[in-house]
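What follows is the structure, encoded as structure tokens:
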């Protein structure tokens, strides 16, 4: 497990160097299922993709994994001009056929500034077509990795509250306006991490509660949407040893949030990188 410690001065200098050199490659994530198809279907299949744009924004690289489709794959594409709920034309053809579970890529495609602008506006989606669903069995919007509180994977923030009385998360999804209840997560008296994103890399945000034990150590309870399992991490401190701020973010660029805290008493970031843990 890679655990990194940075002082405030290190962070400031790194930010200055980053801004001077160039924008690094940026990762976009995709969560695919039948609910996002237009019209929606009841497929139990699902998939995840990462779309990475290079520093000059002239090329994207695509990798996908999918599972449990109803029949063999007959085609897969990136579509443009297709925001949530709208079908759009094919932009990039993966030229792929395969079984009910498999992997696609890595593939690369040249891009124009206009195409990149559409991708950033959430107008791209990936569609995997099968012999049973020739119009598409699973679909997912291409969105910036770790969009805040996007629990259904459509690229839009969902409403969520944490009920401490029974340790449950109540979420109102933007895709189908549906109310879901998840839990129990954590221990009595928990709080929640507000800037919740994708800790497990499946293209959907994960719900996170926290608690402090008798030794003033913070325990993170991460409900991972990929496996519907709870990951616990002891990371950070509360008084009297020093109040830490929750600062999870993708510090290593792998498309997953890293567990991290900032200690106000000494100006240091403490980070667990997901890519090495």
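Numbering (the numbering used here), first residue to last: 442 to 718. Ideal Cβ placement from N, Cα and C applies to all residues, glycine included.
In whole angstroms, what separates the C-alpha of residue 637 from that of residue 648? Taking the Cα positions, residue 637 is about 6 Å away from residue 648.
Counting beta carbon pairs with one atom in the stretch 602–621 and one in the stretch 500–515, are three or more of them shorter than 8 Å? Not touching, per the Cβ criterion.
Those residues which DSSP pairs with residue 590 across a bridge: According to DSSP, residue 590 bridges with nothing at all.
Excluding the five sequence neighbours on either side, which residues of its own chain have a C-beta within less than 8 Å of the C-beta of residue 572, listed in chain order? If we look at residue 572 and ignore the five residues flanking it on each side, its Cβ neighbours are 512, 513, 515.
Helix, strand or coil for residue 466 per DSSP? Note: residue 466 maps to coil in three-state DSSP.
Which whole-angstrom value is the C-beta distance of residue 489 and residue 643, which I expect to be below 8 Å? Indeed they touch by this definition, with Cβ atoms about 5 Å apart.
With a 10 Å radius around its C-beta and 16 neighbouring C-beta atoms as the bar for buried, classify residue 499 as buried or exposed. Exposed, since its Cβ has fewer than 16 Cβ neighbours within 10 Å.
Going by DSSP, what residue range makes up the alpha helix (DSSP H) through residue 637? Counted as a single uninterrupted DSSP element, the stretch harbouring residue 637 is not any alpha helix (DSSP H), since DSSP gives it neither H nor E.
Which term fits residue 706, buried or exposed, when burial requires 16 or more other beta carbons within 10 angstroms of its beta carbon? Exposed, by the Cβ-count rule.
Is the CB of residue 548 under 7 Å away from at least one CB in chain B? The question asks about chain B, but that chain is absent: this structure has only one protein chain.
Quick check on residue 701: does DSSP put it in helix, strand or coil? Correct three-state label for residue 701: strand.
On the DSSP letters alone, give me the boundaries of the beta strand (DSSP E) that residue 554 sits inside. Careful: residue 554 lies outside any beta strand (DSSP E), inside the alpha helix (DSSP H) at 554–561.
Under the three-state DSSP convention, the category residue 597 falls into: DSSP places residue 597 in coil when its eight states are reduced to three.
Does DSSP put residue 475 in a helix, a strand or coil? When DSSP states are grouped into helix, strand and coil, residue 475 belongs to the helix group.
Would you give the residue range spanned by the beta strand (DSSP E) that residue 653 belongs to? 648–653 is the extent of the beta strand (DSSP E) around residue 653.
Beta bridge counterpart(s) of residue 568 as assigned by DSSP: Residue 568 pairs with 518, 580.
Going by the CB atoms, is the gap between residue 582 and residue 596 shorter than 7 Å? It is a contact, given that the beta carbons lie within the stated cut-off.
Can you tell me which of the three DSSP states residue 686 falls into? Residue 686: strand per DSSP, three-state reduction.
Compare the beta carbon distance of residue 589 and residue 575 with 7 Å and say whether it is the shorter of the two. Against a cut-off of 7 Å, the Cβ pair of residue 575 and residue 589 comes out as no contact.
Within the same chain, show all residues whose beta-carbon is closer than 6 Å to that of residue 690, passing over the 5 residues directly before and after it, in chain order. Closer than 6 Å at Cβ, skipping near neighbours: no residue.
By alpha-carbon positions, which one of 492, 482, 640, 656 ends up nearest to residue 579? For the residues 492, 482, 640, 656, the minimum Cα distance to residue 579 belongs to 482.
Do residue 675 and residue 704 come within 7 Å of each other at the CB atom, strictly closer than that value? The Cβ-Cβ distance between residue 704 and residue 675 does not fall below 7 Å.
Along the chain, where does the beta strand (DSSP E) that runs through residue 543 open and close? Residue range 543–551 is occupied by the beta strand (DSSP E) that includes residue 543.
Nearest to residue 551 by CA position, among 501, 659, 493, is which residue? Cα-wise, what sits closest to residue 551 is 501.
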